[in-house]
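Engineer:
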Amino acid sequence: MEAILKWLMANFTNSVLPWLSLVVAVGFPLLLEYLKRPRIDIVPMSGGVGDEEGFRFLHVQVYNRPRIRLPLRWLTILPLSGSLVRLRYFRSGEPLFRDVIGIWTDRPRPVVNNQYDSERAAEAQLLDLPAKDQPYLVPVAIKLKGQETAYGFHAESYRYDNLCDPELQLPAKSQVELSVRVEGGGPKQREFRFMIENFGLDLQSFVIQKKK
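Using this note's numbering, the letters of the sequence shown correspond one by one to residues -17 to 194.
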């Protein structure tokens, strides 16, 4: 070991330093490119929306966050272009129904003259996600006051006056596992898992939380 250290010290300038410089010259730009890649983070929105109107929407919040916040705040994080959000609902490990594509609240609702519009629906499903500290919201479930059954949510929910697609029923008095993954023109993003609790008639008991 001592001999190796002596050799390194004696040959550092002529032998080790050039290789070290090469590693830095090649590796640092690659590291920066990696750190600039979009990284999606998804968290549940606390509480619900719409209670005063007689229904409750549950949402997830989608962020395009930098991988290292400090000391690289100057680094420009790339957007995730053409992003859609895939929603999968499970009970006891089994899918409740087919995968659905969620909609972004940042996009116009898929309705024209109070009628569902498939072209607007396709637009509502896609969004470019620049990196920012404010979330993009995706509604994932809805429940009406006085009803035990809740429903998953997607663009076609707007076909129905009460916004409840009968094919996306979430059973009463149960927990439903929700898988959320953002897909888009960039590196593959990880899947996030949540639990939707639907107990009783009270809208306040209809909640979403991160799976433990």
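Built from N, CA and C at the ideal position, the CB exists for glycine as well.
(1) Identify whether S28 lies in helix, strand or coil by the three-state DSSP scheme.
(2) Using a Cβ-Cβ cutoff of less than 8 Å, which residues in the same chain neighbour E105 once the five nearest sequence positions on both sides are dropped?
(3) So for S74, helix, strand or coil by DSSP?
(4) Would you grab the beta carbon distance between L40 and F174 for me? Rounded to a whole angstrom, and I think it's under 8 Å.
(5) So R68 and P77 are supposed to be a Cβ contact under 8 Å. How far apart are they, rounded?
(6) Using the Cβ count rule (16 or more neighbours within 10 Å means buried), how would you classify L183?
(7) Give a yes or no on contact between the stretch 25 to 42 and the stretch 125 to 135, applying the rule of three or more CB pairs nearer than 8 Å.
(8) Taking L147 as the reference, give the member of M177, Y98, R47 and I190 with the closest Cα.
(9) Among L109, S100, E101 and E149, whose alpha-carbon lies nearest the alpha-carbon of A123?
(10) Helix, strand or coil, according to DSSP, for L150 in the structure here?
(11) If distances are taken between C-alpha atoms only, which option among K155, N180, E165 and L185 comes closest to P20?
(12) Using alpha carbons as the reference points, say which of S74, F79, D115 and V82 lies closest to V44.
(13) Taking 7 Å as the cut-off, is the beta-carbon of V67 closer than that to any non-hydrogen atom of the ligand SAH?
(14) Could you give the C-beta distance for N46 and A154, rounded to a whole number, given that I count them as a contact under 8 Å?
(15) Could you have a look at P53 and say whether DSSP puts it in helix, strand or coil?
(16) Is the shortest distance between the beta-carbon of R175 and the beta-carbons of chain B less than 8 Å?
(17) What are the boundary residues of the beta strand (DSSP E) that R102 is part of?
(18) Can the beta-carbon of K192 be found closer than 8 Å to that of F181?
(19) E197 to Y118, Cα distance in whole Å?
(20) Considering only residues of the same chain and omitting the five flanking positions on each side of E101, which have a CB-CB separation below 7 Å?
Structural biologist: Put simply:
(1) As a working note, residue 28 is residue 46 in the sequence shown. DSSP places S28 in the coil class of the three-state scheme, outside both helix and strand.
(2) Your numbering for residue 105 matches position 123 in the sequence shown. Here the set comprises R89, P90 and P92.
(3) Walking along the sequence shown from the start, residue 74 turns up at place 92. Looking at S74 - three-state DSSP - the assignment turns out to be coil, as it is neither helix nor strand.
(4) Translated into the one-based positions of the sequence shown, residue 40 becomes position 58. Translated into the one-based positions of the sequence shown, residue 174 becomes position 192. About 14 Å separates the beta carbon of L40 from that of F174, a gap too long to meet the 8 Å contact definition.
(5) Along the sequence shown, read from residue 1 onward, the residue named residue 68 stands at position 86. Along the sequence shown, read from residue 1 onward, the residue named residue 77 stands at position 95. So it is not a contact: roughly 12 Å between Cβ atoms.
(6) Within the sequence shown, residue 183 is the residue found at index 201, counting from 1. Exposed: under 16 other Cβ atoms inside 10 Å.
(7) Touching, yes.
(8) Position 165 of the sequence shown, counted from the start, is the residue given in the question as residue 147. A small fix is needed here, since residue 147 is Asp in this sequence, not Leu. Nearest option by C-alpha distance: Y98.
(9) As a working note, residue 123 is residue 141 in the sequence shown. It is E149 whose Cα lies nearest to the Cα of A123.
(10) Here residue 150 refers to the residue found at position 168 of the sequence shown. Here L150 sits in helix by DSSP.
(11) For the purposes of this step, residue 20 is taken as residue 38 along the sequence shown, with counting starting at 1. Comparing Cα-Cα distances from P20 to each of K155, N180, E165 and L185, the minimum goes to E165.
(12) The count along the sequence shown starts at 1 and reaches residue 44 at position 62. The shortest Cα separation from V44 among S74, F79, D115 and V82 belongs to D115.
(13) Inclusion of the ligand SAH in the displayed structure is not the case, the ligand content being empty and no account of it being possible.
(14) In the sequence shown, the residue the question calls residue 46 occupies position 64. In the sequence shown, the residue the question calls residue 154 occupies position 172. With 8 Å as the limit, N46 and A154 do not qualify as a contact, their Cβ atoms being about 36 Å apart.
(15) The residue labelled residue 53 in the question sits at position 71 within the sequence shown. Here P53 scores only 47 on pLDDT, less than 50, and its place in the model is too uncertain to base an answer on.
(16) This model lacks chain B altogether, as it is built from one protein chain only.
(17) Indexing the sequence shown from 1 puts residue 102 at position 120. Premise fails: R102 lies in the alpha helix (DSSP H), S100 to A106, not in any beta strand (DSSP E).
(18) Counting from one through the sequence shown, the residue named residue 192 turns up at place 210. Counting from one through the sequence shown, the residue named residue 181 turns up at place 199. Contact flag unset, no.
(19) Outside the displayed range of the chain (-17 to 194) lies residue 197, so it cannot be described from this structure.
(20) Reading the sequence shown from its first residue, position 119 is the one you call residue 101. Hits under 7 Å: none found.
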